[in-house]
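*Asks:*
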Ligand SMILES: [Zn+2]
């Protein structure tokens, strides 16, 4: 059975970009008679905003994006992560890194928006230094592929596009990639629908799962909503939150953005009817046809800022 999820970070209310992801993942799951789970990615305490979780859930509800079961909070699953950390250490090639943020810049090359760490601590002792993170030791080259429902086959050399990325912190906190793998495994997630800014993250997760002999979920990366300056809509660049009073017209706009070609009269219908139409008529082919101006390669190199 199809099990999909929407995994917002509770760092503020939903904006149009995150709504597009919610609508896309909901339609893809429901059109295949699948389950749709909501998971709040609240591991990064510094980013959490009090009350944002209920704000997000209320918005989803008012947009008729109804999830299955109870929402899952990553922060309540810490014991799960502790068990898995041992597994990751055993099965992956891991090394300690003592580089401060400043040192990481010194020992990295900027490719696109991504700092590619040179692996300095692989060849220099970290003895008597404060360990700041644990990184994966990637082989060179490190080919990885995912088959995306919209973008097709994406192949990359992770060694070049990512470098040895961080797996966990010395206090045991798993990186976004690992926590996501653990959560998806325990919820039985077999379909991941997310924005194409997370392509690099998907490739990293796919590589980790390859090494550990696990199956990858099916991926669908959605086009990215951008502001007038061409930046991805995000909380950092102050994207406006979606208004529950304008749910019908905003849903209509989201479906249009996803090239679903909703009939004009739909925008004045109630949200239940709009989403019923959207599920019934969900078409990835429509999205493929209307090619987005962001190429996979560029998206794969955009910075991942831990917001799904
Ligand atoms: Zn280092």
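In my numbering, the protein residues as written are 5 to 312. C-beta atoms are modelled at their ideal positions from N, C-alpha and C, and glycine is treated no differently. Being a predicted model, the structure only gives us computed values, none of them experimental.
Assuming residue 248 contacts residue 13 (C-beta within less than 8 Å), just tell me the rounded distance between them.
*Replies:* Counting from 1 along the chain shown, the entry for residue 248 is found at position 244. Counting from 1 along the chain shown, the entry for residue 13 is found at position 9. Rounded, the Cβ-Cβ distance is 20 Å, inconsistent with contact.
*Asks:* Between the alpha carbons of residue 252 and residue 43, how many angstroms are there, rounded?
*Replies:* Locating residue 252 in the chain shown gives position 248, counting from the first residue. Locating residue 43 in the chain shown gives position 39, counting from the first residue. Rounded to the nearest angstrom, the two C-alpha atoms are 24 Å apart.
*Asks:* With a threshold of 16 other CB atoms inside 10 Å of the CB of residue 199, please say whether the residue is buried or exposed.
*Replies:* By one-based count along the chain shown, residue 199 stands at place 195. The residue in question, residue 199, is buried, as its Cβ has 16 or more Cβ neighbours within 10 Å.
*Asks:* Do residue 169 and ligand 1 come close, with the Cβ less than 7 Å from some heavy atom?
*Replies:* Taking the first residue of the chain shown as position 1, residue 169 is located at position 165. No; taking the cut-off as 7 Å, the Cβ of residue 169 has no heavy atom of ligand 1 nearer than that.
*Asks:* Under 7 Å from any heavy atom of ligand 1, does the C-beta of residue 101 make it?
*Replies:* Counted from its first residue, the chain shown places residue 101 at position 97. Correct: residue 101 has its Cβ closer than 7 Å to ligand 1.
*Asks:* Would you check if there are 3 or more beta carbon pairs closer than 8 Å linking the region 65–74 to the region 30–42?
*Replies:* Counting Cβ pairs under 8 Å, three or more are found: they touch.
*Asks:* Taking three-plus beta-carbon pairs below 8 Å as touching, is the region 146–156 in contact with the region 219–239?
*Replies:* Short answer: they touch.
*Asks:* So who's on the other strand from residue 101, going by DSSP bridges?
*Replies:* Stepping through the chain shown from its first residue, residue 101 is reached at position 97. For residue 101, which the question treats as bridged, DSSP gives the partners 137.
*Asks:* Measure the C-alpha to C-alpha separation of residue 36 and residue 286 and round it to an integer number of angstroms.
*Replies:* Working through the chain shown from its first residue, we reach residue 36 at position 32. Working through the chain shown from its first residue, we reach residue 286 at position 282. Straight-line Cα distance between these residues: approximately 10 Å.
*Asks:* With a 10 Å radius around its C-beta and 16 neighbouring C-beta atoms as the bar for buried, classify residue 93 as buried or exposed.
*Replies:* Taking the chain shown and counting its residues from 1, one reaches residue 93 at position 89. Residue 93 should be labelled exposed.
*Asks:* Pull up the CB-CB distance for residue 99 and residue 111, whole angstroms please, since I reckon it's below 8 Å.
*Replies:* To locate residue 99, count along the chain shown from 1; it is residue 95. To locate residue 111, count along the chain shown from 1; it is residue 107. Contact flag wrong, Cβ pair sits at about 14 Å.
*Asks:* So the candidates are 281, 101, 165, 58; which of them puts its Cα closest to the Cα of residue 114?
*Replies:* Taking the first residue of the chain shown as 1, we reach residue 114 at position 110. For the residues 281, 101, 165, 58, the minimum Cα distance to residue 114 belongs to 165.
*Asks:* Using C-beta distances below 7 Å, list every residue in its chain close to residue 183, excluding the 5 sequence neighbours before and after it, in chain order.
*Replies:* As a position in the chain shown, residue 183 is number 179, starting the count at 1. Excluding residues within five positions, the ones whose Cβ falls inside 7 Å are 47, 78, 85.
*Asks:* Could you tell me how far apart the beta carbons of residue 195 and residue 38 are, in whole angstroms, since I believe they sit closer than 8 Å?
*Replies:* What you label residue 195 is simply residue 191 of the chain shown in a count that begins at 1. What you label residue 38 is simply residue 34 of the chain shown in a count that begins at 1. Right, the Cβ-Cβ distance comes to about 7 Å (below 8 Å), so this counts as a contact.
*Asks:* For the pair the region 17–37 and the region 208–215, tell me if three or more CB-CB distances fall below 8 Å.
*Replies:* They do not touch, by the three-pair rule.
*Asks:* Can you tell me whether DSSP reads residue 74 as helix, strand or coil?
*Replies:* Position 70 of the chain shown holds residue 74. Residue 74: coil per DSSP, three-state reduction.
*Asks:* What do you get for residue 175, buried or exposed, if any count of 16 or more other CB atoms within 10 angstroms of its CB means buried?
*Replies:* Reading the chain shown from its first residue, position 171 is the one you call residue 175. When all chains shown are included, residue 175 counts as exposed.
*Asks:* Hey, how far is the Cα of residue 245 from the Cα of residue 20?
*Replies:* In the chain shown, the residue the question calls residue 245 occupies position 241. In the chain shown, the residue the question calls residue 20 occupies position 16. Distance between the alpha carbons of residue 245 and residue 20 is about 7 Å.
*Asks:* So is residue 293 buried or exposed if we call it buried at 16+ other beta carbons inside 10 Å?
*Replies:* For this step, residue 293 is matched to residue 289 along the chain shown. It is exposed - the Cβ of residue 293 has fewer than 16 other Cβ atoms within 10 Å.
*Asks:* For residue 227, which of 9, 15, 7, 23 has the nearest alpha-carbon?
*Replies:* Counting from 1 along the chain shown, the entry for residue 227 is found at position 223. The shortest C-alpha separation from residue 227 is found at 23.
*Asks:* Who are the Cβ neighbours of residue 271 in its own chain at under 7 Å, not counting the five residues just before and after it?
*Replies:* Numbered from 1 along the chain shown, position 267 holds the residue referred to as residue 271. Correct list, in chain order: 252, 253, 256.
*Asks:* How would you write the range of the beta strand (DSSP E) that residue 196 sits in, first residue to last?
*Replies:* Within the chain shown, numbered from 1, the residue matching residue 196 stands at position 192. Per DSSP, residue 196 belongs to the beta strand (DSSP E) from 195–199.
*Asks:* I'd like the span of the alpha helix (DSSP H) that includes residue 64, first residue to last.
*Replies:* As a position in the chain shown, residue 64 is number 60, starting the count at 1. Looking at the DSSP string, the run of the alpha helix (DSSP H) that includes residue 64 is 56–66.
*Asks:* Short check: CB of residue 282 to CB of residue 259, under 8 Å?
*Replies:* The sequence position of residue 282 within the chain shown is 278, counting from 1. The sequence position of residue 259 within the chain shown is 255, counting from 1. Yes, the Cβ-Cβ distance between residue 282 and residue 259 is below 8 Å.
*Asks:* Tell me the residue span of the alpha helix (DSSP H) that contains residue 286.
*Replies:* As a working mapping, residue 286 is identified with position 282 in the chain shown. It is not in any alpha helix (DSSP H) - residue 286 carries neither H nor E in the DSSP assignment.
*Asks:* Suppose the cutoff is 7 Å on Cβ atoms and the five residues either side in sequence are ignored; what does the same chain contact list for residue 161 look like?
*Replies:* On the chain shown, residue 161 is found 157 positions in, with the first residue counted as 1. Result list for residue 161: 145, 146, 147, in chain order.
*Asks:* Compare the C-alpha of residue 34 against each of 69, 59, 17, 60 and name the closest.
*Replies:* Counting from 1 along the chain shown, the entry for residue 34 is found at position 30. Considering only alpha carbons, the answer is 69.
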